[in-house]
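Peer 1:
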Amino acid sequence: MSATAAIRRTGNRGTGRRTRGTKGIGPSGWVALGLLGLVVCCALLAPVVSPQAPDAVDLSGAYQGASGAHPLGTDASGRDLLSRLVTGSRTALIGPFLVVAVSTLLGTVLALTAVWCGGWFDQLVVRVVDAVFAFPGLLLAILATALFGSGLPAAVVALSIAYVPYIARIVRSAALRERNLPYVAALRVQGVHGLRIALAHLLPNVGGLIVANATLAFGFALMDLAGLSFIGLGVQPPTSDWGAMVGTGMAGVLQQHPQEALYAGALVVLTVGAVNLLGDRLTERWEARS
Amino acid sequence: MNALLEVEDLTVRLPVAGEPRTVLRDVSFSLDRGGTLGLVGESGSGKSMTVRTLARLLPDGADVRGTVRFDGADVFALRAGALRSYRAKDVAMIFQDARAHTNPVRTVGDFLTEALRVNDRMPKPAARKRARDLLAEVGITDPERRLRQYPHELSGGLLQRVMIAAAVAARPRLVLADEPTTALDVTTQAEVMAILRRMRREYGMAMLFITHDLELAGAVCDETMVLYAGRTVERQASKRLHADPLHPYTAALVRARPEIDRRVERLPAISGHPTTAYEAPDGCAFAPRCRFAEEECGAGCRPAADRTGADPVRPDARTARPAAAAAPAGTASTEEVPR
Amino acid sequence: MTQPLLVVEHLTKTFGHGRTRATAVADVSFSLAPGGSLGIVGESGSGKTTTARMIIGLERPSGGRITVRGEDRTRPARSARSRRRRGRDVQIVFQDPYTSLDRRQRVGDCLAEVVGVHARLGREGTRKRVSELAGLVGLDDRQLAALPRALSGGQRQRVAIARALAADPDVLILDEAVSALDVSIQAQILNLLSDIRRERGVSYLFISHDLAVIRQVTDDTIVMRHGAVVEQGPTADVLDHPSHPTPVCCATASRAPDGTRDPHRPTLTRSRAMHAPARAAGPPPSPSPPPPPSYWPAAPEEAAPPAPEAPAPPTR
Numbered sequence: 003m004s005a006t007a008a009i010r011r012t013g014n015r016g017t018g019r020r021t022r023g024t025k026g027i028g029p030s031g032w033v034a035l036g037l038l039g040l041v042v043c044c045a046l047l048a049p050v051v052s053p054q055a056p057d058a059v060d061l062s063g064a065y066q067g068a069s070g071a072h073p074l075g076t077d078a079s080g081r082d083l084l085s086r087l088v089t090g091s092r093t094a095l096i097g098p099f100l101v102v103a104v105s106t107l108l109g110t111v112l113a114l115t116a117v118w119c120g121g122w123f124d125q126l127v128v129r130v131v132d133a134v135f136a137f138p139g140l141l142l143a144i145l146a147t148a149l150f151g152s153g154l155p156a157a158v159v160a161l162s163i164a165y166v167p168y169i170a171r172i173v174r175s176a177a178l179r180e181r182n183l184p185y186v187a188a189l190r191v192q193g194v195h196g197l198r199i200a201l202a203h204l205l206p207n208v209g210g211l212i213v214a215n216a217t218l219a220f221g222f223a224l225m226d227l228a229g230l231s232f233i234g235l236g237v238q239p240p241t242s243d244w245g246a247m248v249g250t251g252m253a254g255v256l257q258q259h260p261q262e263a264l265y266a267g268a269l270v271v272l273t274v275g276a277v278n279l280l281g282d283r284l285t286e287r288w289e290a291r292s
Numbered sequence: 474m475n476a477l478l479e480v481e482d483l484t485v486r487l488p489v490a491g492e493p494r495t496v497l498r499d500v501s502f503s504l505d506r507g508g509t510l511g512l513v514g515e516s517g518s519g520k521s522m523t524v525r526t527l528a529r530l531l532p533d534g535a536d537v538r539g540t541v542r543f544d545g546a547d548v549f550a551l552r553a554g555a556l557r558s559y560r561a562k563d564v565a566m567i568f569q570d571a572r573a574h575t576n577p578v579r580t581v582g583d584f585l586t587e588a589l590r591v592n593d594r595m596p597k598p599a600a601r602k603r604a605r606d607l608l609a610e611v612g613i614t615d616p617e618r619r620l621r622q623y624p625h626e627l628s629g630g631l632l633q634r635v636m637i638a639a640a641v642a643a644r645p646r647l648v649l650a651d652e653p654t655t656a657l658d659v660t661t662q663a664e665v666m667a668i669l670r671r672m673r674r675e676y677g678m679a680m681l682f683i684t685h686d687l688e689l690a691g692a693v694c695d696e697t698m699v700l701y702a703g704r705t706v707e708r709q710a711s712k713r714l715h716a717d718p719l720h721p722y723t724a725a726l727v728r729a730r731p732e733i734d735r736r737v738e739r740l741p742a743i744s745g746h747p748t749t750a751y752e753a754p755d756g757c758a759f760a761p762r763c764r765f766a767e768e769e770c771g772a773g774c775r776p777a778a779d780r781t782g783a784d785p786v787r788p789d790a791r792t793a794r795p796a797a798a799a800a801p802a803g804t805a806s807t808e809e810v811p812r
Numbered sequence: 003m004t005q006p007l008l009v010v011e012h013l014t015k016t017f018g019h020g021r022t023r024a025t026a027v028a029d030v031s032f033s034l035a036p037g038g039s040l041g042i043v044g045e046s047g048s049g050k051t052t053t054a055r056m057i058i059g060l061e062r063p064s065g066g067r068i069t070v071r072g073e074d075r076t077r078p079a080r081s082a083r084s085r086r087r088r089g090r091d092v093q094i095v096f097q098d099p100y101t102s103l104d105r106r107q108r109v110g111d112c113l114a115e116v117v118g119v120h121a122r123l124g125r126e127g128t129r130k131r132v133s134e135l136a137g138l139v140g141l142d143d144r145q146l147a148a149l150p151r152a153l154s155g156g157q158r159q160r161v162a163i164a165r166a167l168a169a170d171p172d173v174l175i176l177d178e179a180v181s182a183l184d185v186s187i188q189a190q191i192l193n194l195l196s197d198i199r200r201e202r203g204v205s206y207l208f209i210s211h212d213l214a215v216i217r218q219v220t221d222d223t224i225v226m227r228h229g230a231v232v233e234q235g236p237t238a239d240v241l242d243h244p245s246h247p248t249p250v251c252c253a254t255a256s257r258a259p260d261g262t263r264d265p266h267r268p269t270l271t272r273s274r275a276m277h278a279p280a281r282a283a284g285p286p287p288s289p290s291p292p293p294p295p296s297y298w299p300a301a302p303e304e305a306a307p308p309a310p311e312a313p314a315p316p317t318r
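Keeping their order, the protein sequence lines are chains A, B and C. In this text, residue positions in the first sequence follow the numbering used here: the first is 3, and each later residue adds one. In this text, residue positions in the second sequence follow the numbering used here: the first is 474, and each later residue adds one. In this text, residue positions in the third sequence follow the numbering used here: the first is 3, and each later residue adds one.
1) Report the rounded CA-to-CA distance for leucine 632(B) versus alanine 571(B), giving the unit in angstroms.
2) For the alpha helix (DSSP H) that contains glutamate 515(B), what are its first and last residues?
3) Alpha carbon to alpha carbon, how far is alanine 688(B) from alanine 170(A)?
4) Quick check on alanine 188(A) - is its C-beta less than 8 Å from some C-beta in chain C?
5) Report yes or no: do the stretch 696-705 of chain B and the stretch 493-505 of chain B share at least 3 C-beta pairs separated by less than 8 Å?
6) For chain A, check one thing: does any of its Cβ atoms lie closer than 8 Å to the Cβ of lysine 15(C)?
7) Is it buried or exposed, histidine 19(C), if we count other Cβ atoms within 10 angstroms and call 16 or more buried?
8) Please give the ranges of any beta strand (DSSP E) in the stretch 188-215 of chain C, keeping only runs that are unbroken, at least 3 residues long and fully inside the region.
9) Exposed or buried, which one is asparagine 182(A) when buried takes at least 16 other CB atoms within 10 Å?
10) Hey, quick one: how far does the beta strand (DSSP E) through glycine 66(C) stretch, first residue to last?
11) In the DSSP assignment, find the unbroken beta strand (DSSP E) run with alanine 147(C) in it and report its ends.
12) Can you name the residues of chain A whose CB is closer than 9 Å to the CB of glycine 59(C)?
13) Which of the three DSSP states, helix, strand or coil, is assigned to glycine 539(B)?
14) Taking a cut of 8 Å between CB atoms, which residues from the stretch 99-118 of chain C lie near chain A?
15) Along the stretch 138-167 of chain C, what residues have a CB closer than 8 Å to any CB found in chain A?
16) Kindly indicate which three-state DSSP category serine 162(A) falls into: helix, strand or coil?
17) Please list, in chain order, the chain B residues whose beta carbon lies closer than 8 Å to that of glutamate 45(C).
18) Let me make sure I understand the geometry here. Which of Lys50(C), Thr4(C), Ala24(C), Ala28(C) has the alpha-carbon closest to that of leucine 176(C)?
19) Are there 16 or more other CB atoms within 10 angstroms of the CB of lysine 15(C), so buried, or fewer, so exposed?
20) Taking Cβ-Cβ distances shorter than 7 Å, what residues in chain C pair up with leucine 183(A)?
21) Does chain C have any CB closer than 8 Å to the CB of serine 503(B)?
22) If you scan the stretch 92-180 of chain A from start to end, which runs of the alpha helix (DSSP H) of 4 or more residues do you find wholly inside it?
23) Could one say the Cβ of asparagine 207(A) lies closer than 8 Å to chain C's Cβ atoms, at least one of them?
24) If I follow the unbroken beta strand (DSSP E) through serine 39(C), where does it start and stop?
25) Compute the Euclidean distance between the alpha carbons of alanine 490(B) and alanine 290(A), then round it to the nearest angstrom.
26) For cysteine 119(A), does the count of other Cβ atoms within 10 angstroms reach 16, so buried, or fall short, so exposed?
27) Short check: CB of arginine 605(B) to CB of leucine 627(B), under 8 Å?
28) Under 7 Å between beta-carbons, which chain A residues line up against glycine 89(C)? List them in chain order, please.
29) Could you tell me which residues DSSP pairs with valine 27(C) in its beta bridges?
30) Closest to leucine 84(A) by C-alpha separation, out of Val255(A), Ser242(A), Thr285(A), Val274(A), would be which residue?
31) For the structure I just gave you, are there three or more beta carbon pairs, one from the stretch 178-196 of chain C and one from the stretch 199-209 of chain A, closer than 8 Å?
32) Of all the options Ala136(C), Gly155(C), Ser154(C), which has the alpha carbon lying nearest to the alpha carbon of leucine 146(C)?
Shown next as structure tokens:
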């Protein structure tokens with residue numbers, strides 16, 4: 003690393019790139035990473051960390067303020083908010099992660115294949131992608147829950163499909179630009195296999211874009227899933243979920259007890275922000291190499 | 474002094490990765506009204522940066538020392554309004570890549586009339602008519618049709634003519650031409666240069682002509698200044714530059730070009746590659762690549778070799794100029810002639 | 003007379019169909035002898051690059067025939083394997099050294115990848131071959147370990163040449179390979195190319211718009227205009243005694259009217275512009291064969307000559 007950095011510095015012919023990429027992800031990146039690490043730890047260790055059972059109903063203790071037994075108070079059913087938030091981080095992370103993983107993988111494969119094959123296949127992909135793109139993701143999700151019943155899996159599947167065109171479109175245009183560069187022609191002329199060109203050359207060169215979009219999509223997915231849970235189509239009660247908590251917390255807001263919705267909403271915003279920030283830093287790092 | 478443009482000890486640093494990097498160092502020159510000066514250099518020599526500095530188009534955080542005076546006024550002291558008028562009326566720029574400097578979704582007519590209507594507050598029909606006349610002046614037939622076309626419908630040479638038309642529209646006193654013909658074909662290049670020359674004469678504009686091509690500069694400009702690594706290497710009348718270069722770099726550059734009428738066994742290439750001002754060593758920036766480098770070349774920077782038309786030849790100002798450099802180009806068949 | 007290495011017969015390429023149909027290359031024929039060096043000169047849009055792309059198999063000819071050592075190469079190879087086999091006959095170096103290398107791949111890896119495509123040498127063997135290629139084009143280990151962006155244009159072009167030579171081709175197509183380089187670097191690369199040709203016996207197909215460069219590196223030259231060959235012959239003859247409007251115009255564009263400016267160039271100067279007011283514009287005079295349909299609607303487009311002005315030397 004240090005050797006390449008040295009060459010880059012001495013050999014930099016005034017391309018004017020920032021050097022942060024060579025030095026890691028920067029302080030803000032580390033803060034974001036730390037925050038996400040905390041959320042991930044909570045999710046992994048939820049049963050250990052949460053002070054009480056997240057689903058333990060205590061109707062007599064509804065809307066309690068912060069106390070020793072309930073550090074963040076309780077909700078309308080007297081359930082411990084902290085425990086529910088901690089447990090809720092599981093669905094809040096797993097759902098978007100799955101959505102992003104599936105849609106990025108599918109979208110990228112689709113885009114690279116379309117670009118590599120070109121011709122009618124490319125046109126077909128473009129048309130299909132545009133058609134799906136025109137369909138709002140949330141609407142698709144509502145449709146999916148109508149088909150498969152509500153719950154997290156249906157919502158994840160629906161959002162994954164809804165996100166594929168988004169990823170595919172962006173990756174395709176970048177890969178297409180890349181494919182038309184002379185170095186790809188040179189590799190082809192050498193007889194390098196198409197699959198290898200796509201995987202070893204096109205993919206890394208659009209990688210920064212993929213990372214950037216994956217993190218953006220993670221944020222969107224977290225919000226969308228929370229939204230689905232909020233309208234009752236995502237995570238079903240009594241399972242705790244941030245989005246669902248914002249939903250159930252709405253009743254509390256009207257009764258001067260905003261804690262539940264507030265805490266859950268704040269966590270959604272913080273996590274999305276952290277993911278996006280980390281994504282930015284990772285993208286910069288990636289691009290710094292080229 | 475009646476110089477239109479005076480540049481004194483211009484040093485420019487740009488922030489790269491947070492640290493300032495020198496891109497121009499102590500560049501001085503002046504340009505008379507209606508005069509022409511060629512700025513010749515390889516990549517990293519700072520020739521384009523000079524143009525940007527003159528038009529005050531430097532990025533944020535640029536550190537500029539020295540003075541640039543246009544018609545007596547300090548360009549870097551101009552306030553917003555005066556600066557706008559300086560850019561709109563006094564200087565015009567022509568770029569290498571005309572396509573990149575036109576908006577692809579606006580027609581040629583929009584492009585040409587915009588400045589007239591905004592800066593000269595011309596009514597639309599009058600601006601349209603003026604645009605038509607301008608196109609005709611730069612030798613474009615059927616200007617009415619061209620005005621309705623989009624940049625992508627025009628060939629590179631045609632688009633560059635449009636750029637010239639736009640540049641002279643405001644009747645500027647100075648044209649900054651940054652490699653205006655580099656992207657063009659040989660024959661188109663000849664046409665565009667002919668038009669540029671004619672327009673310059675007609676309107677009495679001074680021109681700073683930036684190019685990497687020593688001969689082109691020599692053919693277009695009265696005087697030529699050679700830049701290397703952000704510094705002036707030499708400046709003298711174009712006519713003499715070829716036959717009698719003052720600096721080893723210029724001599725090497727002249728000899729490195731293959732000749733159209735003669736084939737040589739080996740081209741007298743210059744070893745190494747052009748450096749930027751930032752990477753350049755103290756002393757003569759060319760010294761590491763120079764066949765005639767001596768110890769003193771690294772010690773301190775000699776004053777740039779300057780033999781402008783005004784002052785007579787000053788033999789003492791000649792830098793370590795080898796006899797070989799003055800020998801007919803192409804006779805030296807080996808790359809490295811022993812000193 | 004030995005059998006020619008590369009033969010191109012009546013090569014034609016049209017793009018589009020119906021109304022938008024345009025001919026990029028029209029009935030081009032030439033041959034390249036083993037160890038020879040053939041220049042293709044022409045303006046942009048004259049079909050030089052399209053011709054090269056057809057020979058290298060990146061474009062499919064609409065008509066005509068391409069043979070390499072008697073083997074038919076008209077249709078682009080379908081599989082990677084046959085592309086690889088053909089790659090050992092003909093290779094190409096592109097104009098732009100900045101986009102012809104993968105910007106995320108270290109230069110050494112780039113060469114190793116291509117070496118690996120053509121021969122299974124093992125790790126050590128590949129390394130040796132890579133450093134041999136690097137030595138051939140004058141790159142050192144530090145440069146091999148660098149990413150392209152740490153290299154100058156000339157160094158990148160050396161990499162591109164090394165990559166092309168990795169296949170040990172018989173024909174190397176150089177598509178404006180020195181046009182984007184600084185003058186001092188251009189000379190280095192031209193010298194390098196002539197060294198390589200002498201040492202390895204590679205034949206060059208050298209595409210350029212620069213007559214001086216063509217003179218320096220080629221034995222024979224063809225001149226293309228509007229997709230067709232308008233002149234053909236030994237380079238010196240074509241440049242010195244042009245018989246067709248195109249080279250005439252190119253040459254006049256290069257001819258300095260004042261022989262005084264440079265006594266060392268009696269007939270032609272290297273100066274490539276400004277002295278000729280738009281001689282090339284417009285269709286060639288009528289006695290010559292009618293121009294084939296052109297790729298660009300060039301003739302009327304570029305017509306409009308400026309007022310013919312005395313090509314005065316830049317005197318004060």
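Ideal Cβ positions, reconstructed from N, Cα and C, are used throughout, including at glycine. It should be emphasised that the depicted structure is a prediction, and the values quoted were computed from it without experimental measurement.
Peer 2: So, to answer that:
1) Within the second sequence, numbered from 1, the residue matching residue 632(B) stands at position 159. Within the second sequence, numbered from 1, the residue matching residue 571(B) stands at position 98. Taking the straight line from one Cα to the other gives about 6 Å.
2) In the second sequence, counting from the first residue as 1, residue 515(B) sits at position 42. Neither: glutamate 515(B) is in no alpha helix (DSSP H) and is coded neither H nor E.
3) As a working mapping, residue 688(B) is identified with position 215 in the second sequence. As a working mapping, residue 170(A) is identified with position 168 in the first sequence. According to the sequence provided, residue 688(B) is glutamate. The question's alanine does not apply to it. About 50 Å.
4) By 1-based counting over the first sequence, the position of residue 188(A) is 186. By this cut-off, alanine 188(A) is an interface position.
5) yes
6) To locate residue 15(C), count along the third sequence from 1; it is residue 13. No, because no Cβ of chain A sits closer than 8 Å to the Cβ of lysine 15(C).
7) Here the question's residue 19(C) lines up with position 17 in the third sequence. Burial call: exposed.
8) 205-210
9) The residue you call residue 182(A) lines up with position 180 of the first sequence. Residue environment for asparagine 182(A): exposed (fewer than 16 other C-beta atoms within 10 angstroms of its C-beta).
10) Start at 1 with the first residue of the third sequence, and residue 66(C) comes out as number 64. Start and end: 65-70.
11) Position 145 of the third sequence, counting from 1, holds the residue named residue 147(C). Run containing alanine 147(C): none; DSSP gives neither H nor E here.
12) Locating residue 59(C) in the third sequence gives position 57, where the first residue counts as 1. Residues of chain A passing the Cβ test: Arg190, Val191.
13) The sequence position of residue 539(B) within the second sequence is 66, counting from 1. Annotated three-state conformation of glycine 539(B) is strand, per DSSP.
14) Within the stretch 99-118 of chain C, the residues whose Cβ lies closer than 8 Å to some Cβ of chain A are Thr101, Ser102, Leu103, Asp104, Arg105, Arg106, Gln107, Glu115, Val116, listed in chain order.
15) When CB distances to chain A are screened at a threshold of 8 Å, the residues of the stretch 138-167 of chain C falling below it are Arg144, Ala147, Ala148, Leu149, Arg151, Ala152, Leu153, Ser154, Ala162, Arg165, Ala166, in chain order.
16) Looking up residue 162(A) in the first sequence gives position 160. DSSP places serine 162(A) in helix when its eight states are reduced to three.
17) The residue labelled residue 45(C) in the question sits at position 43 within the third sequence. Under the 8 Å cutoff, chain B gives Asp658, Val659, Thr660, Thr661.
18) What you label residue 176(C) is simply residue 174 of the third sequence in a count that begins at 1. Among Lys50(C), Thr4(C), Ala24(C), Ala28(C), the Cα nearest to that of leucine 176(C) belongs to Lys50(C).
19) To locate residue 15(C), count along the third sequence from 1; it is residue 13. Classification for lysine 15(C): buried.
20) One-based indexing of the first sequence puts residue 183(A) at position 181. Simply Thr101.
21) Taking the first residue of the second sequence as 1, we reach residue 503(B) at position 30. Answer no: the Cβ-Cβ gap between serine 503(B) and chain C never drops below 8 Å.
22) 121-135, 139-150
23) Here residue 207(A) refers to the residue found at position 205 when the first sequence is read from its first residue. Yes, asparagine 207(A) counts as interfacial toward chain C.
24) Here residue 39(C) refers to the residue found at position 37 when the third sequence is read from its first residue. Here the beta strand (DSSP E) through serine 39(C) covers 39-43.
25) Looking up residue 490(B) in the second sequence gives position 17. Looking up residue 290(A) in the first sequence gives position 288. Roughly 12 Å separates the two Cα atoms.
26) For the purposes of this step, residue 119(A) is taken as residue 117 along the first sequence, with counting starting at 1. By the 10 Å Cβ count, cysteine 119(A) comes out exposed.
27) Numbered from its first residue, the second sequence carries residue 605(B) at position 132. Numbered from its first residue, the second sequence carries residue 627(B) at position 154. No; because the gap between Cβ atoms is not below 8 Å, this pair is not in contact.
28) To locate residue 89(C), count along the third sequence from 1; it is residue 87. Under the 7 Å cutoff, chain A gives Val191, Gln192, Gly193.
29) In the third sequence, the residue the question calls residue 27(C) occupies position 25. Beta-bridge pairing links valine 27(C) to Lys15(C).
30) Against the first sequence, residue 84(A) aligns to sequence position 82. Of the listed residues, the one whose Cα sits closest to leucine 84(A) is Ser242(A).
31) Not touching, per the Cβ criterion.
32) Here residue 146(C) is taken as the residue at index 144 of the third sequence, counted from 1. Closest by alpha carbon: Ala136(C).
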